[in-house]
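Student:
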């Protein structure tokens, strides 16, 4: 095989360290997890700061670590718009979703719907929303992993995809959410450290004045003054608005992010974890200014070829120019850790939808044992991993990654977000509303992306399959359609139980009355035998690692 | 797990003055704060889309655009509103929520010992954090 010739030895060593450390964590976690709460919610025993780091690690994918800096390098200001949307989204999460999830949910956001709606249809709708988001997001990440690892380390695309999938499934099957959380925490620390090192290095190069980033970048861009203006990447105003909406509302419907709020003991810890995530994620996105504009300022037009068409290799190119082969290898290792942490989070949320929602509550109607539920979850994680590897290999490197991530956010904002928000706030809302809303959201966002110019470039590369439709991001149409579906469905049927149970959900979600307790399981101890341990036990535990 | 059994029992809590007070206080912050952040954020998005020349204008110093300064203000807004939310939650809403739970459980939560509930005679344990007073 030819791939051995071009393997980067240093990068491979860094990879081995990342894999080694995460595997040790997974091994320790595998000895600790005993219950379904341990498997899906890490015993609900993470602290606020730990979960904040894990949210940052779960949320910031390769698109954040490599993609945004690439867009900024290529197109200037427009790339930074993504940072703003991705960050402001956490205000919506904090205000409307986070504590309510912890107070009234167990393992999946469908639990929250199930308090007042009819279980089988509501859970089926939530599972459909979850699996649609995960499918698009996961395949995008897997293809991205293959391309990036091939480019940075020299392992060929198919092997890179298979390795990524294999590690991801191993984390989950052996260590569940406990291992996944710590993989995400390790990744967040690595990524933020890497960002700080590169940012300080860039600032040193340009004379410590951040404004020089813009002045030098403008001077070295072929676009001149336009480089600092909007419009080079997002040239259709309505598309910009549509993207902006999907970014800010999509996060509230991302199942792998919602699931993270079940891993803390109380609503107060959930709140604290969002604040930590806000500061960590915001700090990293601020640093993309130095990474993106900085690469332009330092390397100029010369780097255009090295960063690739999508700009994904901007940060590695910058790292190589600053710190040579060694820093490049570090960045490659961090990129690998980044992808592993995100795909593991995605797959465990999908396994929750399959095992907890579909199998346990729809097929078995709650008559299965906890052990069976976890067994099905592991089998589901294995199957989902295998399917994702298969599709990534079939679709290959040509699969358009950015449109799939955009689609994942659009589905999350259009299908999951309206159902969750209305279940928590609208007394009249009912099962039909949830089902119709999720269907409207999923179908409209997928259909609109399929006919969009991103998927079917027209003969003159102008417009999509249909001349009258040119939106690349469906959000501005599909999000209102999701809400309309919820409204119309609700009006079609009268469901007195859903209205009567609204009081229960409201009291539970606002006060934490009757919230599912922590088992106290952490990496360093506690838990397994003390299923009903008080939540306060966490206060006395030694912080893991 | 502690459960109030009937819808009527949950409804009684929902209608209690303690719970209404909690919801009223939360809404008084969350509704205006949500409107504010959506307007400020969508204002940024609309101007980026429809007024690129304005957003590209440089001010204060050579190289700093209105658009980038506006984007930075979004970071600041997120952090400040997040901090304000947590401050209110810790000082005002948490004690109110604890009062609602106490009124249901019929016991104070001080000491965070698993407490025994009174309703309908069943014995259930509940675990809560010590309320911050």
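Chains as they are written, first to last, in this note's numbering: chain A, 1 to 545; chain B, 1 to 133.
From the three backbone atoms N, C-alpha and C, an ideal C-beta is built for every residue, glycine too.
Since the structure is predicted, the reported quantities are computational estimates derived from the model, not experimental observations.
1. Output yes if chain B places a C-beta closer than 7 angstroms to the C-beta of residue 101 of chain A; else output no.
2. So, at 7 angstroms on beta carbons, what are the nonlocal neighbours of residue 439 of chain A in its own chain, with the 5 sequence-adjacent residues on each side left out?
3. Apply the 10 Å Cβ neighbour rule to residue 472 of chain A and answer buried if 16 or more other Cβ atoms are within range, or exposed otherwise.
4. Does any C-beta atom of chain B lie closer than 7 angstroms to the C-beta of residue 463 of chain A?
5. Would you mind working out which of A:148, A:340, A:327, A:335 sits nearest residue 385 of chain A, comparing C-alpha positions?
6. Just to confirm before moving on: does the CB-CB distance between residue 10 of chain A and residue 329 of chain A stay below 7 angstroms?
7. Compare the C-beta of residue 80 of chain B with all C-beta atoms of chain A and state if any pair is closer than 7 angstroms.
8. For chain A, find out if any of its Cβ atoms is closer than 7 angstroms to the Cβ of residue 28 of chain B; answer yes or no.
9. Tell me whether residue 9 of chain A sits in a helix, a strand or coil according to DSSP, three-state version.
10. Does the beta-carbon distance from residue 306 of chain A to residue 153 of chain A come in below 7 angstroms?
11. List, in chain order, every chain A residue whose beta-carbon is nearer than 8 angstroms to that of residue 101 of chain B.
12. Closer than 7 angstroms, Cβ to any Cβ of chain D: which residues of the region 87-99 of chain A, in chain order?
13. Please report how far the alpha carbon of residue 44 of chain B lies from the alpha carbon of residue 79 of chain A, in whole angstroms.
14. Measuring only the C-alpha atoms, how far is residue 7 of chain B from residue 508 of chain A?
15. Tell me the DSSP bridge mates of residue 522 of chain A?
16. Note down, in chain order, every chain B residue with its Cβ under 8 angstroms from the Cβ of residue 275 of chain A.
17. Would you verify that the beta carbon of residue 46 of chain A is, or is not, closer than 7 angstroms to some beta carbon of chain B?
18. Only counting runs of 3 or more residues, tell me where the beta strand (DSSP E) segments fall wholly within the region 161-198 of chain A, in order along the chain.
19. Compare the C-beta of residue 58 of chain A against all C-beta atoms of chain B and say whether one is closer than 7 angstroms.
20. Can you name, in chain order, every residue of its own chain whose Cβ lies under 6 angstroms from the Cβ of residue 416 of chain A, other than the five neighbours on each side?
21. Can you name, in chain order, every residue of its own chain whose Cβ lies under 8 angstroms from the Cβ of residue 13 of chain A, other than the five neighbours on each side?
22. Under the three-state reduction of DSSP, which class applies to residue 240 of chain A: helix, strand or coil?
23. Answer with yes or no whether the minimum CB distance from residue 48 of chain B to chain A is below 7 angstroms.
24. Could you run through the region 360-390 of chain A and flag, in chain order, every residue whose CB is less than 7 angstroms away from some CB of chain B?
25. Does the count of Cβ pairs from the region 354-362 of chain A and the region 375-385 of chain A closer than 8 angstroms reach three?
26. Might you give, ordered along the chain, the residues of its own chain that have their beta carbon closer than 6 angstroms to the beta carbon of residue 261 of chain A, omitting 5 neighbours on each side?
27. For residue 309 of chain A, which three-state DSSP category applies?
28. In three-state DSSP terms, what is residue 153 of chain B?
29. Mark residue 398 of chain A as exposed unless 16 or more other C-beta atoms lie within 10 angstroms of its C-beta, in which case mark it buried.
30. State the Cα-Cα distance for the pair residue 219 of chain A and residue 71 of chain B, rounded to the nearest angstrom.
31. Near residue 19 of chain B, which residues of its chain fall below 8 angstroms by C-beta distance, leaving aside the five closest residues on each side in sequence?
32. If I follow the unbroken alpha helix (DSSP H) through residue 91 of chain B, where does it start and stop?
33. Taking contact to mean at least 3 C-beta pairs separated by less than 8 angstroms, is the region 278-297 of chain A in contact with the region 75-91 of chain A?
34. How many angstroms separate the CA atom of residue 430 of chain A from the CA atom of residue 478 of chain A?
35. Compute the Euclidean distance between the alpha carbons of residue 237 of chain A and residue 62 of chain A, then round it to the nearest angstrom.
36. For the region 205-219 of chain A and the region 289-301 of chain A, state whether three or more C-beta atom pairs, one from each stretch, are separated by less than 8 angstroms.
Tutor: In terms of the structure at hand:
1. For residue 101 of chain A, the nearest beta carbon of chain B is not closer than 7 angstroms to its own beta carbon.
2. The beta carbon of residue 439 of chain A lies closer than 7 angstroms to those of 485 in the same chain, with the five residues before and after it left out.
3. Around the beta-carbon of residue 472 of chain A, 16 or more other beta-carbon atoms lie within 10 Å, marking it buried.
4. For residue 463 of chain A, the predicted structure reports a pLDDT of 47, less than 50, and the residue's modelled location is therefore unreliable. The matter cannot be settled from this model.
5. With distances taken between Cα atoms, residue 385 of chain A lies closest to A:340.
6. If you check the CB distance, residue 10 of chain A and residue 329 of chain A come in under 7 angstroms.
7. No - not a single Cβ of chain A is within 7 angstroms of the one on residue 80 of chain B.
8. Residue 28 of chain B is outside the set of residues whose beta carbon lies under 7 angstroms from a beta carbon in chain A.
9. Assigned with DSSP and collapsed to three states, residue 9 of chain A falls in helix.
10. With contacts defined by Cβ atoms closer than 7 angstroms, residue 306 of chain A and residue 153 of chain A do not form a contacting pair.
11. Within 8 angstroms of the CB of residue 101 of chain B, the CB atoms of chain A belong to 511, 512, 513, in sequence order along the chain.
12. Of the chains in the structure shown, none is chain D; the protein chains are A and B.
13. Spanning the two alpha carbons is a distance of roughly 14 angstroms.
14. Whole-angstrom Cα-Cα distance: 12 angstroms.
15. Answer is A:525, bridged to residue 522 of chain A.
16. Residues of chain B whose Cβ lies closer than 8 angstroms to the Cβ of residue 275 of chain A are, in chain order, 82, 83, 86.
17. Contact of residue 46 of chain A with chain B is not assigned, every C-beta pair being separated by 7 angstroms or more.
18. None, since the region 161-198 of chain A contains no complete beta strand (DSSP E) of that length.
19. Not closer than 7 angstroms to any Cβ of chain B, the Cβ of residue 58 of chain A fails to qualify, so no.
20. Hits under 6 angstroms: 129, 253.
21. 329.
22. In the three-state reduction of the DSSP assignment, residue 240 of chain A falls in the helix class, which pools H, G and I.
23. Taking 7 angstroms as the CB threshold, residue 48 of chain B lines the interface with chain A.
24. So the list is empty, because no residue satisfies the distance condition.
25. The count of Cβ pairs closer than 8 angstroms, one atom from the region 354-362 of chain A and one from the region 375-385 of chain A, reaches three, so the stretches are in contact.
26. Around residue 261 of chain A: 98, 101, 102, 270.
27. The answer is coil: DSSP assigns residue 309 of chain A none of H, G, I, E or B.
28. Given a span of 1 to 133 for chain B in the structure shown, any question on residue 153 of chain B remains unanswerable.
29. Exposed.
30. Each residue's alpha carbon lies about 22 angstroms from the other.
31. If we look at residue 19 of chain B and ignore the five residues flanking it on each side, its Cβ neighbours are 13, 100.
32. It is not in any alpha helix (DSSP H) - residue 91 of chain B carries neither H nor E in the DSSP assignment.
33. Counting C-beta pairs with one atom in each stretch, the region 278-297 of chain A and the region 75-91 of chain A have three or more that are closer than 8 angstroms, which means they touch.
34. Linking residue 430 of chain A to residue 478 of chain A through their CA atoms gives a straight-line distance of about 21 angstroms.
35. Their Cα atoms are separated by approximately 26 angstroms.
36. The way I'd put it, the region 205-219 of chain A does touch the region 289-301 of chain A; three or more beta-carbon pairs between them come closer than 8 angstroms.
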